[in-house]
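Q:
Residue numbers (this note's numbering), protein chains in the order written: chain L, 504 to 822; chain S, 504 to 822.
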């Protein structure tokens, strides 16, 4: 929800000279994406999103992200296609920061997803996983389970400040993940941040996904777990099992889950909640009080962790 | 540069039901306008800007602003035309706030205007003044000269905090304005905020103006004075007489100034600098430290005031 980097008309003109897109017609900063600066750019050729990558995104990872977006788009998945410059490069530099132009992807994100939206999001995620097959890029999940204990270590006090006793509870979770985190599940390139604001619809039909800047190689079912957490909890913190089952059913219309994936899903969802709790706790602590972007409340994910400790019932007893 | 009001997809759908614009295709918060929340809205029919008016804009003034935009557009001035709802109304309500849809106006604003841009902006402002003739709306300038002393009275301490001695200097200015503020100049509907971020270009040709939410009835030459201050100072605080003369020459190609207007212009520019100094001083003091929008620095206009106290030389000696 922020535009960090301010681009002058002269800088835009110099930047666009490297592309074959014609003269700019309109250029507006948009409130999309928390990590980067995004601009809606219209040129004589069409409409695009110009993204300036701010410091949180590692420049070395950008070829993976942009390569995955192109791979997906080439295979018919509705992802914004990166636009190559005249020299065939996906990436350019703007204000000494990496920057890319991608095609404009129409669609509306939903704030309060219905069960139908959850079903369609599940289908969309399965389409993404199927389309990502054969992608040659490789990027480990640097926010995956093996990293969580190290992320939490310096944040114990902050956890205690949020809720006395929370630190010990988190460490118990982390120990349990270390012992029993699922191995050997089908892996591939995953979105890893398939939240409602990154998913577009036309009506209640899936229309595309944006913001691939957490994408990485990991278990496909872990991507479902992230998505369940993001879409299938009510504002009051209650888990919506109907929405979750619809999401999984939507996913399975295109890519049926193996018994091992189904069995692992509750634990993966518990871990996925930990991943977002930890990064929010870190950002909550690290963000200056006068920052332009308000950090997201870690307590939302603390409550989801508590739900997961009780265990999810995602499949009917006979499944 | 802010999106204050968050609109859900369900709220957008309910809002659009009052219009004949078809279903929404895309909807993005944009970083345009400091006072209101603006969204780029694409529907099956076309592209629009949806504005939600935040508290600083008085709801009673909105018919004047929107009426002026329609009046200008009807007379060929490139201003965003308000879109009427099915009942013929320019204004609707969204999240209990007034809201309007206007047509999308293409064009790029310039951050560092060239002399050619200043000339074109002058022409554009003259076009606006000529097109506003015959507009039947009436709205006094509630930020005009008669109001400045009352605005400043509670801000003396803040002025002293910025710069010791500033309070007395400002009061001397205000007394001088009260005694000799120009009367009897040609008046009409003026934009009153014709800053570079509110003016669009195609290349260096004037392409339109947006953000009419300070428009009011006042001396047309006062609008030129506001514009000179906004466009014709360098980043180091120096007045750029070449740019100013180009702006006035551009203006005069369409609407020649009377001798009285020319004579008044330096004092009007001094006063226009006071108006922006005062509102920035007020906002600087009133904005909480953790606000999402950083207030603009009042010292920029304090330096412009100092330039104006020396007197501008806008016209050659023989003029």
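Glycine included, each C-beta is placed from N, C-alpha and C at the ideal position.
Closer than 7 Å by beta-carbon distance: list the chain S residues that pair up with residue 511 of chain L, in chain order.
A: Per Cβ cutoff of 7 Å: 614, 615.
Q: Just tell me which of S/727, S/810, S/565 has its CA closest to the CA of residue 688 of chain S.
A: Considering only alpha carbons, the answer is S/727.
Q: Please list, in chain order, the residues of the stretch 514-541 of chain L that have any C-beta partner in chain S closer than 8 Å.
A: Flagged, chain order: 515, 526, 527, 528, 529, 530, 531, 532, 533, 534, 535.
Q: Residues in the same chain with beta-carbon distance under 6 Å from residue 604 of chain S, minus the five sequence neighbours each way, listed in chain order, please.
A: These residues qualify, in order along the chain: 551, 553, 586.
Q: With distance defined between alpha-carbon atoms, name the residue in L/805, L/575, L/609, L/685 nearest to residue 736 of chain L.
A: Checked all of L/805, L/575, L/609, L/685; the closest Cα to residue 736 of chain L is L/805.
Q: By DSSP, does residue 801 of chain L sit in helix, in strand, or in coil?
A: Of the three classes helix, strand and coil, the one that applies to residue 801 of chain L here is helix, per DSSP.
Q: Scan the stretch 597-611 of chain S for residues whose Cβ lies nearer than 9 Å to a Cβ of chain L and list them as they occur along the chain.
A: Under the 9 Å Cβ criterion, the stretch 597-611 of chain S contributes 607, 608, 609, 610, 611.
Q: Drop a sphere of 10 angstroms on the beta-carbon of residue 778 of chain L, count the other beta-carbons inside from all chains shown, and report buried for 16 or more, exposed for fewer.
A: Per the 10 Å Cβ criterion, buried.
Q: What is the DSSP secondary structure of residue 544 of chain L, counted as helix, strand or coil?
A: Residue state, collapsed to three classes: strand.
Q: Indicate whether the contact test is met: 3 or more Cβ pairs, each with one atom in the stretch 610-630 of chain L and one in the stretch 699-711 of chain L, closer than 8 Å.
A: The stretch 610-630 of chain L vs the stretch 699-711 of chain L: in contact.
Q: May I ask which residues mark the beginning and end of the beta strand (DSSP E) holding residue 532 of chain S?
A: Taken as a continuous stretch (DSSP letters only), the beta strand (DSSP E) holding residue 532 of chain S covers 527-533.
Q: Between the Cα of residue 595 of chain L and the Cα atoms of L/544, L/783, L/562, which residue gives the shortest distance?
A: That would be L/562, whose Cα lies nearest to the Cα of residue 595 of chain L.
Q: Check the DSSP bridge columns for residue 636 of chain S and list the partner residues they point to.
A: Bridge partners of residue 636 of chain S: none, in fact.
Q: Rank S/602, S/782, S/546 by C-alpha distance to the C-alpha of residue 648 of chain S and give the top, closest one.
A: Ranking the options by Cα distance to residue 648 of chain S, first place goes to S/782.
Q: With 8 Å as the C-beta to C-beta threshold (strictly closer), list the residues of the stretch 542-569 of chain S near chain L in chain order.
A: The residues in question are 543, 545.
Q: Taking DSSP as the reference, what is the three-state secondary structure of residue 510 of chain L?
A: Correct three-state label for residue 510 of chain L: coil.
Q: Determine the DSSP secondary structure at residue 554 of chain L, reduced to helix, strand or coil.
A: Correct three-state label for residue 554 of chain L: strand.
Q: Alpha carbon to alpha carbon, what distance is there between residue 516 of chain L and residue 754 of chain L?
A: Each residue's Cα considered, the two are about 43 Å apart.
Q: Can you tell me the Cα-Cα spacing of residue 510 of chain S and residue 739 of chain L, whole angstroms?
A: Their backbone Cα atoms lie some 20 Å apart in a straight line.
Q: Output yes or no for whether 7 Å exceeds the beta carbon distance between residue 632 of chain S and residue 691 of chain S.
A: A contact, by the Cβ cut-off of 7 Å.
Q: With a floor of 3 residues, list each beta strand (DSSP E) that falls wholly inside the stretch 649-695 of chain L, ordered by position along the chain.
A: Counting whole runs of 3 or more residues, the stretch 649-695 of chain L contains the beta strand (DSSP E) stretches 690-693.
Q: Residue 807 of chain L to residue 776 of chain L, Cα distance in whole Å?
A: Cα to Cα, residue 807 of chain L sits roughly 6 Å from residue 776 of chain L.
Q: Among residues of its own chain, excluding the 5 on either side of residue 680 of chain S, which ones have a beta-carbon nearer than 6 Å to its beta-carbon?
A: Only 648, 774 meet the Cβ criterion.
Q: Assuming residue 512 of chain L and residue 528 of chain S form a contact by the criterion Cβ under 8 Å, report the distance between their Cβ atoms to the nearest whole angstrom.
A: Not confirmed; about 28 Å, so no contact.
Q: Less than 7 Å separating the beta-carbons of residue 524 of chain S and residue 546 of chain S?
A: Contact: yes.
Q: Rounded to the nearest angstrom, what separates residue 723 of chain L and residue 607 of chain L at their Cα positions?
A: If you take the alpha carbons of residue 723 of chain L and residue 607 of chain L, they lie about 27 Å apart.
Q: What is the DSSP secondary structure of residue 560 of chain S, reduced to helix, strand or coil?
A: In this structure, residue 560 of chain S counts as coil in the three-state DSSP scheme.
Q: Can you give the Cα-Cα distance for residue 719 of chain L and residue 638 of chain L, rounded to whole angstroms?
A: So the two alpha carbons sit approximately 11 Å from each other.
Q: Using the Cα positions of residue 642 of chain S and residue 574 of chain S, report the straight-line distance between them to the nearest angstrom.
A: Computed Cα separation, rounded: 15 Å.
Q: Can you round the beta-carbon distance between residue 630 of chain S and residue 580 of chain S to whole angstroms, since I take them to be within the 8 Å contact cut?
A: With a Cβ gap of about 6 Å, residue 630 of chain S and residue 580 of chain S count as contacting.
Q: If you draw a straight line from the alpha carbon of residue 734 of chain S to that of residue 772 of chain S, how long is it in whole angstroms?
A: Near 12 Å, if we compare the C-alpha coordinates of residue 772 of chain S and residue 734 of chain S.
Q: Identify whether residue 627 of chain S lies in helix, strand or coil by the three-state DSSP scheme.
A: Three-state result, residue 627 of chain S: helix.
Q: Taking only the alpha-carbon atoms, compute the straight-line gap between residue 661 of chain L and residue 707 of chain S and give it to the nearest angstrom.
A: The alpha-carbon atoms of residue 661 of chain L and residue 707 of chain S are separated by roughly 54 Å.
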